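In what follows, a structure is listed as structure tokens, so that the remarks can point back to it.
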Amino acid sequence: MMQFRIATLVASLYFCLTAHAEVIAFEVLQSVPAFEGRSFGSVGPYVKITARATIAVDPADPRNAVIADIDKAPRNARGLVEAIADVVLLRPADPLRGNGTLLIDVPNRGTKLAPQGFDDVAQPAASEANKATDAGIGFTQTQGFSIAWIGWQADIPSLPNQLALKAPVLAGVTGAARDEFVFDHMRTPVTATLSWPIADASSLVVTVRAKWDAPREKPAGLAIRATGAQTVEITRPATGFDAAALYEVTYVARDPVLLGLGFAATRDVTSFLRRNGTEANPLAAGGRSTVQRAIGFGVSQSGRFLRDFLYLGFNEDLAGGLIFDGLMPHIAGGRRIASNYRFGLNGRNPRHPQDPAWQADLFPFTYPTLFDPLTGRRDGLMLRCRLNSTCPKVIQTDSEHEWWASRASLLVTDLAGNHIDLPPDVRAYMIAGTPHYSEPAAIVRTAPSMALPVNPMHAGPPLRALLTAMQSWITTGVEPPASRVPMRAHGTLVEAADAVPRNIPGLPYVGIYTGASFTNTAVFPPKVLGVYPVFVPRADSDGMALAGIRMLPLMVPRATYTGWNPRAPGYGAGALFPLQGATVPFASTLAERDASGDPRPSLAERYADNAAYVAAVEKAALQMVAERLLLPQDAERAIELAKQDKLSRLN
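Reminder that position 328 of the sequence shown reads as 1541 in our numbering, one-by-one numbering, no gaps.
Listed below in structure tokens is the structure:
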């Protein structure tokens, strides 16, 4: 009966919504209690709503015309281009008990990551919200946020716990495409999945090289054949290349999907949720939406999506209003996303041995408008929103890894490598000593492909503090803490060769980092036309970054934590391993460090006993709380972990 009532409501609302919004239908598929009815302080219990939103986009509207190939997309009877987005909502059961802020967690490859970042929930619980424990520490719920996930990625399928966008296919359109693969094993033959369907199997070409700037080779034994519409089998050469060799496949692709509609889906569904007061909106009550403001949060791929969302002008809705009051791209570095292109690559995330100049890595890299001497252009991520007063407040957070692998230094330098100041409505923070991403409760581990033990540092505590700061910024005008990043002006952002001490045993530093270049992709092989200066964080005598937000394991250390980890011999030694950092423990005693020649003071020299260690953690935690980089409840939790001798393991 409930499903019938919902379907009837959708049918009756379909035509009235078309006249007022780009969301022409919002179909609620399920509405159930979340977290087994667990209650969160004064906010109370939550409801989980699963839905589908149909958008209809006018290609003639200048705000939509920026979408690549929208003029070639099939249209409905009204001349509009339609797409269907998966939507999941979490809201207080009594929506009037919420804090009035809608947190849009832009899915990463269809996956929800805000629960991991803010609530310390591990997968798959982060995607389900069924059991009471699926809320983790329940930070976002206790604060009263409504949270929405909107499918935007049209090149993945819609599956349980994987949100996607069903967008038009440009059937019959063909064009050149290329993919790169690093397998990190020596098996042959090996199957690989291409980004797009193959139009002509005879067009398949494969080359191999040790890394992206080495010559492409076609040695004896290297071969490729199609095994399906989008899969190939690569036979690898018997000798000459290790497990991390770079295989590049070029081919003629067909049937591109209108990927750029993902930006419109995020814009239009968010606008609907925050402004539509009808019964069609699950966040409405009393004839108006309970949403007063919205924050956009994205991790890695979806953080890059948000930077492009801002750059392309999608923070303006179709009535000229703001979509996001605050934007929080996390671990995006100086990169954007290759979505708004024919045969684009939403999932493209180049590793260090790979080509660093794909469409995701183009100028502009930062928020203020700068002149690029290589392209002759003036541009910036906020250029468009400045013209129509739709710029959000921005807090960009990056792991330290992004400063080694995702050219994050271009956030705070011009294109000649000189220091620049960020605009007053932008903050940037490097979370020192962290890998690209680590789940809550990760532990130190080893892997044969990495030279050093893997860094388990989770960035949850500073993310919670900065979400709190963003909420205050957009509600009361209280500004967040000053940016905490390495800077050329402070001497903490330096050339890679000078960044890290080379006298620490077990820390094989060789000055490796991912560069940035301007490349002509209209020719093949792509031709590098120039390079941009890229810098990395300067380390202290322990080998850890001096600048940024130094979490408690760095302020009161028991090991060296880095944002980089070299590849091991046999796996492309001399390059960065993707996404990972490293952990190198301190010696226990003076005698032990003398025996190894380790210049870093031992644990016994740093802390007389565990009580001294706990006292140091308490002092550092109070300092971070005073600086608004750590919440009091996280400080208490960290002190308790220190007393249990677990802080260095669980952060």
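We treat Cβ as the ideally placed atom computed from N, Cα and C, and that holds for glycine. A quick note: this is a predicted structure, and the numbers were derived from the prediction, not measured.
So, are the CB atoms of Ile-1280 and Leu-1474 less than 8 Å apart? Reading the sequence shown from its first residue, position 67 is the one you call residue 1280. Reading the sequence shown from its first residue, position 261 is the one you call residue 1474. Yes. Within cutoff.
For Tyr-1166, the first and last residue of its enclosing beta strand (DSSP E): With the chain covering only 1214 through 1864, there is no way to say anything about residue 1166.
Quick check on Ile-1656: buried or exposed, where buried means 16 or more other Cβ atoms within 10 Å of its Cβ? Position 443 of the sequence shown, counted from the first residue, corresponds to residue 1656. Answer is exposed; the Cβ neighbour count stays below 16.
Are the beta-carbon atoms belonging to Gln-1329 and Ala-1339 less than 8 Å from one another? Stepping through the sequence shown from its first residue, residue 1329 is reached at position 116. Stepping through the sequence shown from its first residue, residue 1339 is reached at position 126. Yes; because the gap between Cβ atoms is below 8 Å, this pair is in contact.
Nearest CA to the CA of Gly-1589: which residue from Phe-1731, Gly-1783 and Pro-1798? Here the question's residue 1589 lines up with position 376 in the sequence shown. Measuring from the Cα of Gly-1589, the nearest candidate turns out to be Phe-1731.
Close beta carbons around Pro-1287, own chain, < 6 Å, minus the five adjacent residues each side: By 1-based counting over the sequence shown, the position of residue 1287 is 74. Counting only Cβ-Cβ distances below 6 Å, and skipping sequence neighbours, we find Pro-1381.
Excluding the five sequence neighbours on either side, which residues of its own chain have a C-beta within less than 7 Å of the C-beta of Ala-1833, listed in chain order? Counted from its first residue, the sequence shown places residue 1833 at position 620. Same-chain partners within the cutoff: Leu-1765, Met-1768 and Val-1769.
Leu-1230 classed as buried or exposed, judged by whether at least 16 other C-beta atoms fall within 10 angstroms: Translated into positions along the sequence shown, residue 1230 becomes position 17. Here Leu-1230 scores only 48 on pLDDT, less than 50, and its place in the model should not be relied on; the value that follows carries that caveat. Per the 10 Å Cβ criterion, buried.
Whole alpha helix (DSSP H) runs in the region 1813-1839 with 4 or more residues, listed along the chain? The region 1813-1839 contains these whole alpha helix (DSSP H) runs: 1816-1819 and 1823-1839.
Identify whether Leu-1531 lies in helix, strand or coil by the three-state DSSP scheme. Taking the first residue of the sequence shown as position 1, residue 1531 is located at position 318. Of the three classes helix, strand and coil, the one that applies to Leu-1531 here is coil, per DSSP.
Compute the distance between the beta-carbons of Thr-1796 and Pro-1666, then report whether it is under 8 Å. By 1-based counting over the sequence shown, the position of residue 1796 is 583. By 1-based counting over the sequence shown, the position of residue 1666 is 453. Taking 8 Å as the Cβ cut-off, Thr-1796 and Pro-1666 qualify as a contacting pair.
Out of Val-1241, Asp-1299 and Pro-1305, state which residue places its alpha-carbon closest to the alpha-carbon of Pro-1258. Locating residue 1258 in the sequence shown gives position 45, where the first residue counts as 1. Closest by alpha carbon: Pro-1305.
Which first and last residues belong to the beta strand (DSSP E) in which Asp-1318 is found? Here residue 1318 is taken as the residue at index 105 of the sequence shown, counted from 1. Asp-1318 -> beta strand (DSSP E) spans 1314-1319.
Simplified DSSP assignment, three categories, for Asp-1921: Residue coverage of the chain in this structure runs from 1214 to 1864, which leaves residue 1921 outside it and unanswerable.
Extent of the continuous alpha helix (DSSP H) to which Glu-1249 belongs: Within the sequence shown, residue 1249 is the residue found at index 36, counting from 1. Segment: none, Glu-1249 is in no alpha helix (DSSP H) and carries neither H nor E.
Let me know if Leu-1680 comes out buried or exposed under the rule of 16 or more other beta-carbons within 10 Å of its beta-carbon. Position 467 of the sequence shown, counted from the first residue, corresponds to residue 1680. Buried.
Starting from Met-1768, follow the beta strand (DSSP E) in both directions and report where the run begins and ends. Translated into positions along the sequence shown, residue 1768 becomes position 555. Segment 1765-1768 is the alpha helix (DSSP H) holding Met-1768; no beta strand (DSSP E) there.
Apply the 10 Å Cβ neighbour rule to Arg-1429 and answer buried if 16 or more other Cβ atoms are within range, or exposed otherwise. Indexing the sequence shown from 1 puts residue 1429 at position 216. So Arg-1429 counts as exposed.
What do you get for His-1703, buried or exposed, if any count of 16 or more other CB atoms within 10 angstroms of its CB means buried? Locating residue 1703 in the sequence shown gives position 490, where the first residue counts as 1. When all chains shown are included, His-1703 counts as exposed.
Just curious, the alpha helix (DSSP H) that Pro-1845 is in, first and last residue? Your numbering for residue 1845 matches position 632 in the sequence shown. Pro-1845 -> alpha helix (DSSP H) spans 1845-1856.
Looking at the secondary structure, which residues open and close the alpha helix (DSSP H) in which Gln-1684 lies? On the sequence shown, residue 1684 is found 471 positions in, with the first residue counted as 1. 1673-1689 is the extent of the alpha helix (DSSP H) around Gln-1684.
If you count every other CB in all the chains shown that lies within 10 Å of the CB of Pro-1495, and 16 or more means buried, which is it? For the purposes of this step, residue 1495 is taken as the residue at position 282 of the sequence shown. Looking at its Cβ environment, which holds 16 or more other Cβ atoms inside 10 Å, Pro-1495 is buried.
Does the beta-carbon of Arg-1467 have 16 or more other beta-carbons within 10 angstroms, so that it is buried, or is it exposed? Translated into the one-based positions of the sequence shown, residue 1467 becomes position 254. Buried, because 16 or more other Cβ atoms sit within 10 Å of the Cβ of Arg-1467.
In the DSSP assignment, find the unbroken beta strand (DSSP E) run with Arg-1304 in it and report its ends. One-based indexing of the sequence shown puts residue 1304 at position 91. 1294-1305 is the span of the beta strand (DSSP E), which, as asked, contains Arg-1304.
Alpha carbon to alpha carbon, how far is Pro-1308 from Thr-1688? Give it in angstroms, no decimals. Counted from its first residue, the sequence shown places residue 1688 at position 475. Counted from its first residue, the sequence shown places residue 1308 at position 95. About 18 Å.
Please state the DSSP three-state secondary structure of Ile-1283. Position 70 of the sequence shown, counted from the first residue, corresponds to residue 1283. Three-state result, Ile-1283: helix.
Burial state of Phe-1584 (16 or more Cβ within 10 Å): Here residue 1584 corresponds to residue number 371 of the sequence shown, with the count starting at 1. Per the 10 Å Cβ criterion, exposed.
8 Å contact criterion, which Thr-1647 and Ala-1672 should meet: CB distance rounded: Here the question's residue 1647 lines up with position 434 in the sequence shown. Here the question's residue 1672 lines up with position 459 in the sequence shown. Indeed, because the Cβ distance is near 6 Å, the residues count as touching under 8 Å.
Leu-1496 CB to nearest heavy atom of the ligand NAD below 7 Å: For the structure depicted, the ligand NAD is absent and the ligand set is empty, with no information on it obtainable.
Suppose the cutoff is 8 Å on Cβ atoms and the five residues either side in sequence are ignored; what does the same chain contact list for Asp-1521 look like? Taking the sequence shown and counting its residues from 1, the one referred to as residue 1521 is at position 308. Hits under 8 Å: Phe-1476, Arg-1549, Ile-1550, Ser-1552 and Asn-1553.
Using the rule of at least 16 other Cβ atoms within 10 Å of the residue's Cβ for burial, across every protein chain shown, is Gln-1514 buried or exposed? The residue labelled residue 1514 in the question sits at position 301 within the sequence shown. When all chains shown are included, Gln-1514 counts as buried.
Which one or two residues does DSSP pair with Phe-1731 in a beta bridge? The residue given as residue 1731 occupies position 518 in the sequence shown. Bridge partners of Phe-1731: Gly-1743.
When we look at the beta-carbon of Gly-1323 and count the other beta-carbons within 10 Å, is it buried (16 or more) or exposed? In the sequence shown, the residue the question calls residue 1323 occupies position 110. With 16 or more Cβ atoms within 10 Å of its Cβ, Gly-1323 is classed as buried.
Tell me the start and end of each unbroken alpha helix (DSSP H) in the region 1602-1686 that is at least 4 residues and wholly inside, in chain order. 1614-1618
Can you give me the Cβ contacts of Ala-1851 inside the same chain, cut-off strictly under 7 Å, excluding the 5 residues immediately before and after it? The count along the sequence shown starts at 1 and reaches residue 1851 at position 638. Cβ neighbours of Ala-1851 beyond the five flanking positions: Leu-1765, Val-1830, Ala-1834 and Leu-1860.
Which residue marks the beginning of the alpha helix (DSSP H) containing Phe-1737, and which one marks its end? Your numbering for residue 1737 matches position 524 in the sequence shown. Premise fails: Phe-1737 is in no alpha helix (DSSP H) and is neither H nor E.
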